[in-house]
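Chemist:
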Amino acid sequence: MTPSPARTAFAAAATFALTAALAACGNSDPSGSAGGSGAIAVDAKDSSCTVARTSADAGTLTFEVTNNGTRTTEFYLYGEGDRIMGEVENIGPGLKRTLRVEVPDAGKYTTACKPGMQGDGIRADFTVTGGAQRQASTDTKLAEATKSYKRYVDNQIVALISETQRFADAVKAGKVEDAKKLYPVTRTYYERIEPVAEKFGELDPKLDLREADLESGDKWTGYHRLEKDLWVTGLKPDSKAIADQLVTDVKDLQAKAASLEYTPLDLANGAKGLLDEVATGKITGEEDTFSHTDLWDFRANVDGSQAAIAALRPVITERNAALGTEIDTKFAAVDALLDKQQVGDGYKLYDKLSKDEVKEFATAVDALGEPISKVAEVVSAK
Amino acid sequence: MSEAQGPLSRRRLFGIAGAGAAVAGVGAAAGVFGSKTLGTSDQPVEQAAAASVPFRGPHQAGIVTPAQDRMHFVAFDVTTTDRAELVEMLREWTTAAERMTTGQEAVPNGAVGGSEHAPPADTGEALDLPASALTLTIGFGPSLFDKRFGLAKLRPPALIDLPHFRADELDPARSGGDLCVQACANDPQVAVHAIRNLARIGFGKVAVRWSQLGFGRTSSTSRSQSTPRNLFGFKDGTNNLKAEDTADLSQHMWVQPGDGPEWMTGGSYMVTRRIRMHIETWDRAPLAEQQAIIGRAKGSGAPLGQVDEFDPIDLHVRGEGGIPLIAEDAHVRLAAAESLRGVKILRRGYNFTDGSDGVGHLDAGLFFVAFNRDSRTHFVPMQKALADNDAMMEYVQHTGSAHFAVPRGLGKGEYWGQTLFG
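From first to last, the protein sequence lines are chains Y and Z. As numbered in the UniProt record's numbering, residues 1 to 382 make up the first sequence, in order. As numbered in the UniProt record's numbering, residues 1 to 422 make up the second sequence, in order.
1) Put residue 423 (chain Z) into one of helix, strand or coil per three-state DSSP.
2) Rounded to whole angstroms, what is the Cα-Cα separation between Gly-18 (chain Z) and Pro-188 (chain Z)?
3) Helix, strand or coil for Asp-363 (chain Z) per DSSP?
4) For Gln-245 (chain Y), which residues in the same chain have their Cβ closer than 7 Å to its Cβ, ignoring the five residues on either side in sequence?
5) Using a beta-carbon distance below 8 Å, is Met-85 (chain Y) in contact with chain B?
6) Strictly below 7 Å CB to CB, what residues from chain Z border Asn-90 (chain Y)?
7) Are the CB atoms of Val-365 (chain Y) and Ala-279 (chain Y) nearer to each other than 8 Å?
8) Chain Z beta carbons: is any one of them nearer than 8 Å to that of Gly-369 (chain Y)?
9) Count the other C-beta atoms from every protein chain shown that fall within 10 angstroms of the C-beta of Thr-101 (chain Z), then say buried if there are 16 or more, exposed otherwise.
10) Straight-line CA distance for Cys-184 (chain Z) to Pro-108 (chain Z)?
11) State yes or no: is the C-beta of His-403 (chain Z) within less than 8 Å of the C-beta of Val-255 (chain Z)?
12) Return yes when the Cβ of Lys-384 (chain Z) is within less than 8 Å of the Cβ of Glu-309 (chain Z), no when it is not.
13) Roughly how many angstroms separate the alpha carbons of Leu-182 (chain Y) and Ala-364 (chain Z), rounded to a whole number?
14) What's the gap between the Cα of Thr-421 (chain Z) and the Cα of Gly-116 (chain Y)?
15) Taking the alpha-carbon of Leu-253 (chain Y) as reference, which of Y:Ala-159, Y:Thr-60, Y:Phe-75 and Y:Lys-352 has the nearest alpha-carbon?
16) My guess is that Ile-91 (chain Y) and Thr-72 (chain Y) are in contact by the Cβ rule of under 8 Å, so how many angstroms apart are they, rounded?
17) Please determine, among Z:Arg-166, Z:Ile-195, Z:Ala-84 and Z:Ala-152, the residue with the shortest C-alpha to C-alpha distance to Glu-125 (chain Z).
18) If I measure Cβ to Cβ from Ala-391 (chain Z) and keep anything under 6 Å in the same chain, skipping five residues before and after, which residues do I get?
19) So, under 8 Å CB-CB, Arg-123 (chain Y) and Thr-140 (chain Y) are touching, yes? Tell me the CB distance rounded to an integer number of Å.
20) Between the C-alpha atoms of Lys-39 (chain Y) and Cys-49 (chain Y), what's the straight-line distance to the nearest angstrom?
21) Is DSSP giving Ala-21 (chain Z) helix, strand or coil here?
22) DSSP three-state label for Asn-186 (chain Z), please.
23) Given that a residue counts as buried once 16 or more other Cβ atoms are within 10 Å of its Cβ, and exposed if not, what is Thr-129 (chain Y)?
24) Looking at Tyr-347 (chain Y): is its Cβ nearer than 8 Å to the Cβ of Leu-295 (chain Y)?
25) Which chain Y residues are close to Arg-359 (chain Z), counting only those with a beta carbon under 7 Å from its beta carbon?
26) Quick check on Asp-168 (chain Z) - is its C-beta less than 8 Å from some C-beta in chain Y?
27) Would you mind telling me which residues of chain Z sit closer than 7 Å to Asp-366 (chain Y), beta carbon to beta carbon, in chain order?
28) For a contact defined as C-beta to C-beta under 8 Å, what are the partners of Gln-306 (chain Z) on chain Y?
29) Can you list, in chain order, the residues of its chain whose CB lies under 6 Å from that of Gly-214 (chain Z), leaving out five sequence neighbours each side?
30) Closer than 8 Å by C-beta to Asn-197 (chain Z): which residues in its own chain qualify, once you throw out the five before and the five after it? Chain order, please.
31) Of all the residues that make up the region 319 to 337 of chain Z, which are near chain Y by a beta-carbon distance shorter than 8 Å?
32) Does the separation of the CB atoms of Gln-212 (chain Z) and Arg-274 (chain Z) fall below 8 Å?
33) What runs of the alpha helix (DSSP H), each 4 residues or longer, lie entirely inside the UniProt domain "Dyp-type peroxidase N-terminal" (60 to 215) of chain Z?
34) Pairing CB atoms from the region 300 to 319 of chain Z with CB atoms from the region 83 to 99 of chain Y, are three or more of them under 8 Å?
35) Verify the CB distance criterion: does Thr-127 (chain Y) have a CB-CB separation below 8 Å to chain Z?
36) Under 9 Å, CB to CB, which of the residues in the UniProt domain "Dyp-type peroxidase N-terminal" (60 to 215) of chain Z have a partner in chain Y?
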């Protein structure tokens, strides 16, 4: 669990295409020079919607919408089938607002003002000309990558459910020592796919909130609540209920994740996000502050990152073989450090590591994080 | 005294160099940086960077004063239990502070004019340095209003113990304090000299609890200043309350008659937060993610969906598929007055780097300083919204926190804290 209760790399990935387009056009001259470009004034009244021009060149269109009516209005640009290309809401009477919208493809579009912010609005045709036809072909290697990662996630969740059930059963039977042994193993399956859980805003906090992330009045549930019960306070009257809730919540995760589709950027940003987790949460020993089993989580985050990269590997090899090799080398270095701390089937407790050992880990994770952060660009290149 | 001449003239050289660096800063602030007019505007600009800021006035300096480039902030625990001794120290502080803001030594002839057998009364490192726009601002923390000095009844209801916000990792050794002094100047040596000499005067009465250096301003508090960048590389404080927004300042920042105890009227409540930035992981985040988190373009500072830095933020613009251009969890959306029932604060923060953390990461971030009329209605709801939802929380950690009542400015002959103790 990160300080932010939800959405991280994935949320950012969802807006990637959009903001990238914005960034790209941020420097362009909004007044334009070619014919059919430049800001388009929209005179919105209660019963009319006058758009100064009804056609424009493909690219970034700027609409300057002035509400000259008496009711609050909205302005929309629709594509085919009423697909929203862009909109600006809540334009009060007398206000002027700007809508900049990226329209790369020529075609038929529709403008609409919605006085009173209701109904279909006052519509008119709008034509966009020029523009390059976008490539519609899907890259089979990328498609295979996302499919293979989905299989990985689904398999991890199956294991997560059975391990969580065993852990919950031990808690409910009051078998504290057994539960303590199962705790870090169970978490492994969660930590490998944590960016997926973070896609569901409510779920990650329910499962994985740390005590410091609570606000007064919050109900604390999930792994770390039971961690404190097991290691610090002893089991409490509601520990059984918390354990049952945990099982319910991981099953909920399975149901939700079943319908997820991933993009290559999801994979790249997820791989990076998992390493960020290590760099900011595990290195400091904040994650498992009662059990000190941070190295299990550390291992799992690295596993998950490696799995996402492995799925993308054919594409990375094709487009930037040197980057692939560098990532392999840096993963191997982190693996070697983790192996050194192995004790039996598990790891040394985090509070037993020396300052030098912690620093070695931090340095190796930073060295790996740099090349991993370049993967998104490689897989998003057209 | 002749032996002192050599070192003194060398210091003079350093002093000029220091002022020169500050000149560049103000040049940028005046909007002439990079243009060819710097040479012609050199003279007035240099005066502004080196000049002194009036110590007395209706409000304390260092709040709406155009933000200087450097800061040294200190919080003290009061160690004496003798109220009279504390008041006497505040009087001494006032005299020394006023002198230092005019570029003088803390004590007349204090550095080298005393007995050879006594330690100098001024520590000397600011000798011959100009005033450098030094401001010294005093505040009183919640813990001062306990039983020790009989002040419990005067504690303003607005001076709350700040609540725990989600993901706070506060270090007690970097939080709280009975008193604080904020020193801001265009030369770091001048700011450090001021704090050092006040701390020295305070020995036996107060003890330094924590202190923080800031090396670069992250807010502009006047329309005459350009917007600086924070360590995320983004312009920070574009939408800040500014000295020129007098109506907004009265509504949102200055304590008004009837708000609480009379001694705070004309003052403001100051919140400080030491915000460590995880800059290493931030630096690996794609530009699009960085911009989505902030809600502004990194280059121009324009809100997403707009063109220029000062274009108003429009939270109601949506792009393809009806997705808001400024995301639901973007920093500028959550901190916008529109999302917070219209409340605004004045921010006056500084970038800091306190070396490294021992595991190869810079211990760097933003020392957040904000002034508001009532932290219960302004800072707390804002920080709660950010702690709960801000996508930026992934990259920051609040490691220190403090809250102070900053009274009005001093009239002629008044001393720091007179409205409270007098």
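Cβ atoms here follow ideal geometry from the backbone N, Cα and C, with glycine treated the same way.
Modeler: Put simply:
1) The requested residue 423 (chain Z) does not occur in the structure, where chain Z is confined to residues 1 to 422.
2) The predicted position of Gly-18 (chain Z) is uncertain, since its pLDDT is 39 and thus under 50; no value can be drawn from it.
3) strand
4) Thr-221
5) Absent from the structure: chain B. Protein chains present are Y and Z.
6) His-316
7) yes
8) yes
9) buried
10) 22 Å
11) no
12) no
13) 38 Å
14) Sequence inspection shows Phe at residue 421 (chain Z); the Thr mentioned does not correspond to that position. Between Phe-421 (chain Z) and Gly-116 (chain Y), the C-alpha separation is close to 58 Å.
15) Y:Ala-159
16) 6 Å
17) Z:Ile-195
18) Ile-293 and Asp-329
19) Not confirmed; about 40 Å, so no contact.
20) Checking the displayed sequence, the identity of residue 39 (chain Y) turns out to be Ala instead of Lys. When rounded, the distance between both Cα atoms is 16 Å.
21) Note that Ala-21 (chain Z) has pLDDT 40, beneath the 50 cutoff, so the model's placement of it is unreliable and the number below is only indicative. Residue state, collapsed to three classes: helix.
22) coil
23) exposed
24) yes
25) Arg is not the amino acid found at residue 359 (chain Z); the sequence shown has Val there. The contacting residues are Ile-283, Val-358, Lys-359 and Ala-362.
26) yes
27) Glu-280 and Gly-360
28) Thr-98 and Arg-100
29) Met-71, Tyr-350, Phe-352 and Phe-367
30) Ala-96, Met-100, Ala-106, Asp-122 and Thr-123
31) Gly-319, Glu-320, Gly-321, Gly-322, Ile-323, Leu-325, Ala-327 and Asp-329
32) yes
33) 83 to 101 and 188 to 202
34) yes
35) no
36) Pro-163, His-164, Phe-165, Arg-166, Ala-167, Asp-168 and Glu-169
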